[in-house]
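Asks: Take this structure first; my questions come after.
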Amino acid sequence: MPPLSPDARPPGRLARRAALGLLALPALPARARAQGGAARASWPDRPLRFLQGFGAGGTTDIVARLIAPSLAAALGQPVVVENRPGAGGTMAAETLARARDGHTIMLINNGYAVSAALYRRLPYDPLADVEPVAMVASVGLVLLAGTGPEAPRDMADLARRARAAPDRLHVATVGVGSTQHFVAEAIQAAAGLRLTHVPYRGTPAALVALRNGEVELVVEPASSVLGQVRGGEARAITITSRERSPLLPEVPTVAELLGDPGFDIQTWYAIAVPAGTPPEVVARLADATAAALADPALRERLAALGLAPRPPVPPAAVREAVHAEIARWAGVFERAGIERQ
Numbered sequence: 460m461p462p463l464s465p466d467a468r469p470p471g472r473l474a475r476r477a478a479l480g481l482l483a484l485p486a487l488p489a490r491a492r493a494q495g496g497a498a499r500a501s502w503p504d505r506p507l508r509f510l511q512g513f514g515a516g517g518t519t520d521i522v523a524r525l526i527a528p529s530l531a532a533a534l535g536q537p538v539v540v541e542n543r544p545g546a547g548g549t550m551a552a553e554t555l556a557r558a559r560d561g562h563t564i565m566l567i568n569n570g571y572a573v574s575a576a577l578y579r580r581l582p583y584d585p586l587a588d589v590e591p592v593a594m595v596a597s598v599g600l601v602l603l604a605g606t607g608p609e610a611p612r613d614m615a616d617l618a619r620r621a622r623a624a625p626d627r628l629h630v631a632t633v634g635v636g637s638t639q640h641f642v643a644e645a646i647q648a649a650a651g652l653r654l655t656h657v658p659y660r661g662t663p664a665a666l667v668a669l670r671n672g673e674v675e676l677v678v679e680p681a682s683s684v685l686g687q688v689r690g691g692e693a694r695a696i697t698i699t700s701r702e703r704s705p706l707l708p709e710v711p712t713v714a715e716l717l718g719d720p721g722f723d724i725q726t727w728y729a730i731a732v733p734a735g736t737p738p739e740v741v742a743r744l745a746d747a748t749a750a751a752l753a754d755p756a757l758r759e760r761l762a763a764l765g766l767a768p769r770p771p772v773p774p775a776a777v778r779e780a781v782h783a784e785i786a787r788w789a790g791v792f793e794r795a796g797i798e799r800q
């Protein structure tokens, strides 16, 4: 699996070791293979608890509820979405890490990697206690400007004004420590800009501030602001994914504007299980996710949200990519002078 972003690749030695390890896995004895196949076929034997760490109506909640019926059809058991909001998803991740019933899974997003890189004392070990299994979908984040005369017209205008008067332009996000906050920091670092961060409590409040001219810029996933951009209420200056979004094809990427092909930041969604889950169960869940994402109806509904379904890859590659994303965010924080908390 290609990493979530090019500069998030694990060190060469680790990558080679992982690749060699995958190629050199010893063959299981026939009896072990038979037992593993039986475990894979019999799981799940009761409904699955599908955690997600945010409130009802948010994108993570919507994605979980969209894929749950398809997972249930593939697995032959109900998949019940359970919202456990709090602390940016860490409460749900703690619940997952401690689950021992063999039937608890979770939809994590890139906030999981951000929290792992930022916080020293989480109530779980993000590298050792949770096992990512399958990528579901991803979407780039948009740097959004207002439509008033004071709003930047494009990235060149933003750069000119920000360099002429550092810290005079304001960028709103959904809060200090949010993914949007750190994406704003990453854009500033890449472009050599200095903006003033203004945190708000949620996307609606940030967009109201943009509309009222209280801030000049907002960072949000493209899926959250399609209506505003298409309705002419805001202007998308750039998008952080490596490639342009098919839903906003006229919006240039940060990579092309800055001539930096390695710039690729996306909000992503992945299914995870507690560490120690039997490999046969991990494989069955990965297969079920791939089957769910092959459903044209589900793909169409994800695309309507601006989300690109991810192609199936081995669970080990998903785990390595998420761990690399954690390392990538740690590097972003270090370069931005943001201390671990």
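Heads up: the sequence shown runs through residues 460 to 800, numbered per the working numbering.
Every residue gets a Cβ at the ideal spot worked out from N, C-alpha and C, and that includes glycine.
1) Could you tell me how far apart the beta carbons of S704 and I698 are, in whole angstroms, since I believe they sit closer than 8 Å?
2) Would you check whether the ligand PLP has a heavy atom nearer than 7 Å to the C-beta of G672?
3) Does the distance from the C-beta atom of S574 to that of R769 stay below 8 Å?
4) Among N671, Q639, V740 and A729, which residue has its Cα nearest to the Cα of W788?
5) Tell me the residue span of the alpha helix (DSSP H) that contains T518.
6) For P680, does the count of other Cβ atoms within 10 angstroms reach 16, so buried, or fall short, so exposed?
7) Do you know offhand how far S683's Cα is from A775's?
8) Flag this pair as yes or no: are the beta carbons of R508 and T563 separated by less than 8 Å?
9) Determine the DSSP secondary structure at S683, reduced to helix, strand or coil.
10) I'd like the list of long-range same chain contacts for L481, defined as Cβ closer than 8 Å, with 5 residues on each side in sequence excluded.
11) In this structure, does DSSP put V777 in helix, strand or coil?
12) Should V791 be labelled buried (16 or more other beta-carbon atoms within 10 Å of its own) or exposed?
13) Between the C-alpha atoms of A624 and A693, what's the straight-line distance to the nearest angstrom?
14) According to the Cβ coordinates, are V678 and V710 closer than 8 Å?
15) From G636, S637 and L617, pick the residue whose C-alpha is nearest to that of L628; which is it?
Replies: Let's see:
1) For the purposes of this step, residue 704 is taken as the residue at position 245 of the sequence shown. For the purposes of this step, residue 698 is taken as the residue at position 239 of the sequence shown. Rounded, the Cβ-Cβ distance is 6 Å, consistent with contact.
2) By its list of ligands, the structure shown contains no ligand whatsoever, and the ligand PLP lies outside what it can speak to.
3) Taking the first residue of the sequence shown as 1, we reach residue 574 at position 115. Taking the first residue of the sequence shown as 1, we reach residue 769 at position 310. No. Outside cutoff.
4) For the purposes of this step, residue 788 is taken as the residue at position 329 of the sequence shown. Minimum Cα distance to W788 is reached at Q639.
5) Looking up residue 518 in the sequence shown gives position 59. Residues T518 to L534.
6) Within the sequence shown, numbered from 1, the residue matching residue 680 stands at position 221. Buried, by the Cβ-count rule.
7) The sequence position of residue 683 within the sequence shown is 224, counting from 1. The sequence position of residue 775 within the sequence shown is 316, counting from 1. Within the model, the alpha-carbon separation for S683 versus A775 is close to 30 Å.
8) In the sequence shown, counting from the first residue as 1, residue 508 sits at position 49. In the sequence shown, counting from the first residue as 1, residue 563 sits at position 104. In this structure, R508 sits near T563, with a CB-CB distance shorter than 8 Å.
9) The residue you call residue 683 lines up with position 224 of the sequence shown. It is helical.
10) The sequence position of residue 481 within the sequence shown is 22, counting from 1. Annotation note: pLDDT 29 at L481 (below 50); position unreliable, no value reported.
11) Translated into positions along the sequence shown, residue 777 becomes position 318. Of the three classes helix, strand and coil, the one that applies to V777 here is helix, per DSSP.
12) The residue you call residue 791 lines up with position 332 of the sequence shown. When all chains shown are included, V791 counts as buried.
13) As a working mapping, residue 624 is identified with position 165 in the sequence shown. As a working mapping, residue 693 is identified with position 234 in the sequence shown. The straight-line gap from Cα to Cα measures roughly 23 Å.
14) Your numbering for residue 678 matches position 219 in the sequence shown. Your numbering for residue 710 matches position 251 in the sequence shown. Contact flag unset, no.
15) On the sequence shown, position 169 is the one that residue 628 refers to. Nearest neighbour of L628 by Cα position, chosen from G636, S637 and L617, turns out to be L617.
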